[in-house]
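Taken in order, these protein sequences are the chains called A and B.
For the first sequence, this note's numbering gives the first residue as 1, with consecutive numbering after it.
For the second sequence, this note's numbering gives the first residue as 1001, with consecutive numbering after it.
Each residue gets a CB set at the ideal place from its N, CA and C atoms; glycine is no exception.
These numbers come from a predicted model, not from an experiment.
Have a look at the structure below, then the notes.
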Amino acid sequence: MARRLAVLAALILATFAQIHPAAAQEKARVDLVKVHSPAIASNLEGNPADRTVYVVTPPGYDQHPDKRYPVVYFLHGYFVEPKAYAELFDLEAALTGAGAAGNDVIFVMPDGFSKHRGSFYSNSPTTGNYEDFVAHDLVAWVDAHYRTLARRESRGLAGHSMGGYGAMRVGMKHPEVFSSLYVMSAGGGSVKLITREMAERAQADDGTVDLSAPVGGVQGDLAQLAAWSPDPQRPPNFINAGLLADGAIDPVVQARMAANSLIGMLPQHIRELQQYEAIMLDVGDKDGLATDSRAMSSELTRFGVVHKLEIYDGGHGDKVKDRLRSAVLPFFAAHLDR
Amino acid sequence: MLNRIKRGLVQSALGLSALGVVALTASPAAAQEKARIEWKTFHSKAMEGNLEGNSADRGAFVVTPPGYDQHPEKRYPVVYFLHGYWATPQMYQETMKFDEAVDEAARAGNEVIMVIPDGHSKLKGGFYSSSPTVGNYEAFVGEDLVKWVDATYRTVAKREARGLSGHSMGGYGTMRLAMKYPQTFSSIYAMSACCLSPMKVDEAGARKIEAMTEEDIAKADFGGLAQLSTLATWSPDPTKPPKYVDTGLKADGTMDPLVNAKLAANSILAMVPQYLPALRQMKAIGLEVGDKDFLFNDNTALNAELTTYGVAHGWETYDGDHGNRIPERIRTKLLPFFAQHLARQ
Chain A
1 MARRLAVLAA
11 LILATFAQIH
21 PAAAQEKARV
31 DLVKVHSPAI
41 ASNLEGNPAD
51 RTVYVVTPPG
61 YDQHPDKRYP
71 VVYFLHGYFV
81 EPKAYAELFD
91 LEAALTGAGA
101 AGNDVIFVMP
111 DGFSKHRGSF
121 YSNSPTTGNY
131 EDFVAHDLVA
141 WVDAHYRTLA
151 RRESRGLAGH
161 SMGGYGAMRV
171 GMKHPEVFSS
181 LYVMSAGGGS
191 VKLITREMAE
201 RAQADDGTVD
211 LSAPVGGVQG
221 DLAQLAAWSP
231 DPQRPPNFIN
241 AGLLADGAID
251 PVVQARMAAN
261 SLIGMLPQHI
271 RELQQYEAIM
281 LDVGDKDGLA
291 TDSRAMSSEL
301 TRFGVVHKLE
311 IYDGGHGDKV
321 KDRLRSAVLP
331 FFAAHLDR
Chain B
1001 MLNRIKRGLV
1011 QSALGLSALG
1021 VVALTASPAA
1031 AQEKARIEWK
1041 TFHSKAMEGN
1051 LEGNSADRGA
1061 FVVTPPGYDQ
1071 HPEKRYPVVY
1081 FLHGYWATPQ
1091 MYQETMKFDE
1101 AVDEAARAGN
1111 EVIMVIPDGH
1121 SKLKGGFYSS
1131 SPTVGNYEAF
1141 VGEDLVKWVD
1151 ATYRTVAKRE
1161 ARGLSGHSMG
1171 GYGTMRLAMK
1181 YPQTFSSIYA
1191 MSACCLSPMK
1201 VDEAGARKIE
1211 AMTEEDIAKA
1221 DFGGLAQLST
1231 LATWSPDPTK
1241 PPKYVDTGLK
1251 ADGTMDPLVN
1261 AKLAANSILA
1271 MVPQYLPALR
1281 QMKAIGLEVG
1291 DKDFLFNDNT
1301 ALNAELTTYG
1311 VAHGWETYDG
1321 DHGNRIPERI
1331 RTKLLPFFAQ
1341 HLARQ
């Protein structure tokens, strides 16, 4: 019953969010909607199954009720809620600009936030199944509520940082849903191994989240362990950090971390990646993650997966707003079917 | 560790001739009173273009139950069975006598089609995985084979009527494909599954593999070949002929840790937490292992892991080793398990 009410509430919210002026839509419009995701429901962290989603429709959307549009899905980074990216990007201006340049697209940014500040867009009983939320629930909802071209050829997937990881991960697993990928400053490319110190700190954590804590420290470890080494039997954080009685780390926990690194997953998914019409990676030359992006690119090259890597003058986040306009949206303009 | 897999199981079948296989496939024109086993080949698009040159024309034994010919309107559930490393479907047939097992099952009211695809490769096993070096055995079985069987035989062509099972490397394949193809199979039965915990290659192992010549490969024993075979499957490298394997040994003599990450990424214990939604879609999961099997601890760990994650499953240990009870357990456990869980229409 509670769930049904939640669905109803989400529907009502969604309906209100879509009420728009009768007047012509001259600019892109940012709708803030709630999407109910069965894939996220009943997770152990209590992350809400009603997810905030930004949906931006292009200028002219209201005036052309027969027109259907390609969709760019964008996954935001760790530590923040999607609002931070919506503001950083100034989505209305970005999509108005794209529309003016002849690139009318719907832009969708779902909420990938979780208790420990980021889901890594993975499936986990602790965090909820964010991977399935994006690839199944979200895409189905958007296709049902907006005038999309509802096929893979017209769906692009992009993301920044943790979202770049998510774009690559969800992309590898779902070539039947998306046809081009743009991966910005991806995290999670290399293998993260758990040290004794990390495990002790994570296991000692009492599960209280301090949302004013700075980035780094135990919270990032907890987020990744929650995504990749969940343990429903171990409250309060429902993670298995792998600390054994003798101080060593359980090799299965290390294996899980490795198994969820993009570079570890890659060779199993060559056929899937080869189905993409286009794959783009970019990273700033002063970004600490540039090494990971280079390594990812050489792995893709090794396996004959056609892609491009662009390294630009910048850090992890300072050029992202600009690159959404100058690189990401034009990339999808070139590759998504209309 | 793997060198014990074959003991008592496939060794006796090594001398099986091609003639013996042909004889098995001859089918009577008359009414089909007994189960019939046929060796068929079909083309698997997923296997095309692999670097080892493993054929994309794949064979499979298909066993139809007694009465199949007489009831042209009747459709049957299908039990897929994946064989183990080093072996071929023919070697397994020698030991398991799948046709007799299907025959007995039918007489007990459990009429099924049983399909045993060829998971053999140049290095004696594709681990039912996806590798540019070895080929995409995963999609060959999970997609192409199922499509071909449904198009060629009178199956109940839906997931509720498809079971997946296997032994050793095939038990690994069973777990792996269940995670990747929950839309295709609805119940699984893994016998003495291998490769559950993460494998590792060290510098000495890498050096040994780098030094292996074609001749060494041809005469390698089980243990010697298994490590090369798993690396070809899980750490492929299309830029490194002739083996197309990344052993992790770098030019400066140190080991690239990425290789062990790739091996880890393919271990079932590491994969399970990522694939819980798929495993939860299974109507039934059966796991079993002999108490004297060298894989006993690994399978015990998988049982514990599934329990931790609340994935409903059956778990049985029995008095036996890696191979000595398998023919019997196919009859007394595996086929009755699917009789209970597969839909008949």
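Check for me: the beta strand (DSSP E) holding residue 34(A) runs from which residue to which?
Here residue 34(A) is taken as the residue at index 34 of the first sequence, counted from 1. For residue 34(A), the enclosing beta strand (DSSP E) starts and ends at 29-36.
Any Cβ of chain B within less than 8 Å of the Cβ of residue 233(A)?
Taking the first residue of the first sequence as position 1, residue 233(A) is located at position 233. Residue contact check for residue 233(A) against chain B: a CB pair falls below 8 Å.
Rounded to the nearest angstrom, how far is the Cβ of residue 161(A) from that of residue 227(A), given a contact under 8 Å?
For the purposes of this step, residue 161(A) is identified with residue 161 of the first sequence, where counting begins at 1. For the purposes of this step, residue 227(A) is identified with residue 227 of the first sequence, where counting begins at 1. In fact, because the Cβ distance is near 14 Å, the residues do not count as touching under 8 Å.
For residue 1082(B) and residue 1194(B), believed in contact at Cβ under 8 Å, the rounded distance
Locating residue 1194(B) in the second sequence gives position 194, counting from the first residue. Locating residue 1082(B) in the second sequence gives position 82, counting from the first residue. Cβ-Cβ separation between residue 1194(B) and residue 1082(B): approximately 11 Å, too far for a contact (criterion under 8 Å).
When Cβ atoms are compared, which residues of the region 1300-1315 of chain B fall closer than 7 Å to chain A?
So the list reads 1308, 1309 and 1310, given in the order they occur along the chain.
Please name the residue, chosen from 1040(B), 1279(B), 1148(B) and 1104(B), that lies closest to residue 1328(B) on a Cα-to-Cα basis.
Reading the second sequence from its first residue, position 328 is the one you call residue 1328(B). Taking the Cα of residue 1328(B) as reference, the smallest distance to any Cα among 1040(B), 1279(B), 1148(B) and 1104(B) is reached at 1104(B).
Pull up the CB-CB distance for residue 128(A) and residue 43(A), whole angstroms please, since I reckon it's below 8 Å.
Within the first sequence, residue 128(A) is the residue found at index 128, counting from 1. Within the first sequence, residue 43(A) is the residue found at index 43, counting from 1. Their Cβ separation, rounded to whole angstroms, is 3 Å, which keeps residue 128(A) and residue 43(A) in contact under 8 Å.
Measuring alpha carbon to alpha carbon, tell me which residue in 1266(B), 1159(B) and 1184(B) is nearest residue 1126(B).
What you label residue 1126(B) is simply residue 126 of the second sequence in a count that begins at 1. Of the listed residues, the one whose Cα sits closest to residue 1126(B) is 1266(B).
Anyone know if the C-beta pair for residue 410(A) and residue 307(A) falls short of 8 Å?
Since the first and last residues shown for chain A are 1 and 338, residue 410(A) lies out of range.
For residue 265(A), return the contacting residues in chain E, with the cut-off set at a CB-CB distance below 7 Å.
Looking at the structure shown, chain E is missing, and the protein chains on hand are A and B.
Where does the unbroken alpha helix (DSSP H) through residue 1285(B) begin, and where does it stop?
Walking along the second sequence from the start, residue 1285(B) turns up at place 285. In the DSSP assignment, residue 1285(B) falls outside any alpha helix (DSSP H) and within the unbroken beta strand (DSSP E) covering 1284-1290.
Test: residue 1227(B) CB closer than 8 Å to a CB of chain A:
What you label residue 1227(B) is simply residue 227 of the second sequence in a count that begins at 1. No - not a single Cβ of chain A is within 8 Å of the one on residue 1227(B).
Taking 6 Å as the limit between beta carbons, can you name the residues of its chain near residue 272(A), skipping five residues before and five after?
In the first sequence, the residue the question calls residue 272(A) occupies position 272. Excluding sequence positions up to five before and after residue 272(A), its CB lies within less than 6 Å of the CB of 172 and 175, all in the same chain and listed in chain order.
Which residues, taken in chain order from the region 290-322 of chain A, show a beta carbon closer than 7 Å to some beta carbon of chain B?
Residues 302, 303 and 304.
List in chain order: all unbroken beta strand (DSSP E) runs of 3+ residues lying wholly within the region 223-301 of chain A.
Complete beta strand (DSSP E) runs here, min 3: 278-284.
Residue 1069(B) versus chain A: which residues are under 9 Å apart at the beta carbon?
The residue given as residue 1069(B) occupies position 69 in the second sequence. Annotation: residue 1069(B) has no Cβ neighbours in chain A at a cutoff of 9 Å; minimum Cβ distance is about 38 Å.
Please report the distance separating the alpha-carbon of residue 1022(B) from that of residue 1039(B).
Counted from its first residue, the second sequence places residue 1022(B) at position 22. Counted from its first residue, the second sequence places residue 1039(B) at position 39. Note that residue 1022(B) scores 42 on pLDDT, short of 50, meaning its location in the model is unreliable and no value can be drawn from it.
According to the Cβ coordinates, are residue 1078(B) and residue 1162(B) closer than 8 Å?
The residue given as residue 1078(B) occupies position 78 in the second sequence. The residue given as residue 1162(B) occupies position 162 in the second sequence. Taking 8 Å as the Cβ cut-off, residue 1078(B) and residue 1162(B) qualify as a contacting pair.
is_contact[residue 1238(B), chain A] using C-beta, thresh 8 Å
On the second sequence, position 238 is the one that residue 1238(B) refers to. So yes, residue 1238(B) belongs to the interface.
Which residues in chain B sit within 7 Å of residue 132(A), going by Cβ to Cβ distance?
As a working note, residue 132(A) is residue 132 in the first sequence. Below the 7 Å Cβ cutoff, chain B contributes 1277 as neighbours of residue 132(A), in chain order.
Straight-line Cα distance separating residue 290(A) from residue 282(A)
Taking the first sequence and counting its residues from 1, the one referred to as residue 282(A) is at position 282. Taking the first sequence and counting its residues from 1, the one referred to as residue 290(A) is at position 290. So the alpha carbons of these two residues sit roughly 9 Å apart.
Proximal residues to residue 1130(B) (C-beta, below 6 Å), its chain only, five neighbours per side dropped:
Indexing the second sequence from 1 puts residue 1130(B) at position 130. Once the five neighbours on either side are set aside, the close Cβ partners of residue 1130(B) are 1136 and 1138.
Should residue 207(A) go down as buried or exposed, given a rule of 16 or more other Cβ atoms within 10 Å for buried?
For this step, residue 207(A) is matched to residue 207 along the first sequence. Under this definition residue 207(A) is an exposed residue.
Does any residue of chain A bring its CB to less than 8 Å from the CB of residue 1055(B)?
For this step, residue 1055(B) is matched to residue 55 along the second sequence. No - not a single Cβ of chain A is within 8 Å of the one on residue 1055(B).
Which word fits residue 1045(B), buried or exposed, when buried means at least 16 other C-beta atoms lie within 10 angstroms of its C-beta?
As a position in the second sequence, residue 1045(B) is number 45, starting the count at 1. Exposed: under 16 other Cβ atoms inside 10 Å.
Going by Cα to Cα distance, which pick from 1316(B), 1332(B) and 1262(B) is closest to residue 1198(B)?
Walking along the second sequence from the start, residue 1198(B) turns up at place 198. The residue with the shortest Cα to Cα distance from residue 1198(B) is 1262(B).
Apply the 10 Å Cβ neighbour rule to residue 144(A) and answer buried if 16 or more other Cβ atoms are within range, or exposed otherwise.
Here residue 144(A) refers to the residue found at position 144 when the first sequence is read from its first residue. By the neighbour-count rule (16 or more Cβ atoms within 10 Å), residue 144(A) is not buried but exposed.
May I ask you to list, following chain order, the residues of the region 1192-1213 of chain B that have a beta carbon less than 7 Å from some beta carbon of chain A?
Taken in chain order, the members of the region 1192-1213 of chain B whose beta-carbon sits within less than 7 Å of a beta-carbon on chain A are 1197 and 1198.
Taking all protein chains shown into account, do 16 or more other C-beta atoms lie within 10 angstroms of the C-beta of residue 197(A), making it buried, or fewer, making it exposed?
Mapped onto the first sequence, residue 197(A) falls at position 197. So residue 197(A) ends up on the exposed side.
Quick check: the region 1098-1114 of chain B against the region 1210-1225 of chain B, are at least 3 beta-carbon pairs closer than 8 Å?
Proximity of the region 1210-1225 of chain B to the region 1098-1114 of chain B falls short of the contact definition, fewer than three beta-carbon pairs being nearer than 8 Å.
Just to confirm my understanding: we take residue 1004(B), look at its own chain, exclude 5 residues before and 5 after, and list those with CB closer than 7 Å. What are they?
Here the question's residue 1004(B) lines up with position 4 in the second sequence. Annotation note: pLDDT 47 at residue 1004(B) (below 50); position unreliable, coordinate value reported separately. Taken in chain order, the residues that qualify are 1294 and 1322.
Taking residue 122(A) as the query, report the chain B residues whose CB atoms sit under 8 Å from its CB, ordered along the chain.
Taking the first sequence and counting its residues from 1, the one referred to as residue 122(A) is at position 122. Within chain B, the C-beta atoms nearer than 8 Å to that of residue 122(A) come from 1274, in chain order.
Among the residues of its own chain, which have a CB less than 6 Å from the CB of residue 309(A), if the five just before and after it don't count?
Looking up residue 309(A) in the first sequence gives position 309. Taken in chain order, the residues that qualify are 281 and 297.
Since residue 1227(B) and residue 1201(B) should fall inside the 8 Å C-beta cutoff, what is the C-beta to C-beta distance between them, to a whole number of angstroms?
Within the second sequence, numbered from 1, the residue matching residue 1227(B) stands at position 227. Within the second sequence, numbered from 1, the residue matching residue 1201(B) stands at position 201. Under the criterion of beta carbons closer than 8 Å, residue 1227(B) and residue 1201(B) qualify as touching, at roughly 7 Å.
Where residue 1179(B) and residue 253(A) are concerned, what is the direct C-alpha to C-alpha distance, given to the nearest angstrom?
Taking the first residue of the second sequence as 1, we reach residue 1179(B) at position 179. Taking the first residue of the first sequence as 1, we reach residue 253(A) at position 253. In a straight line, the C-alpha of residue 1179(B) is about 19 Å away from that of residue 253(A).
One question on the structure: do residue 59(A) and residue 83(A) come within less than 8 Å of each other, judged by their Cβ atoms?
Counting from one through the first sequence, the residue named residue 59(A) turns up at place 59. Counting from one through the first sequence, the residue named residue 83(A) turns up at place 83. Contact flag unset, no.
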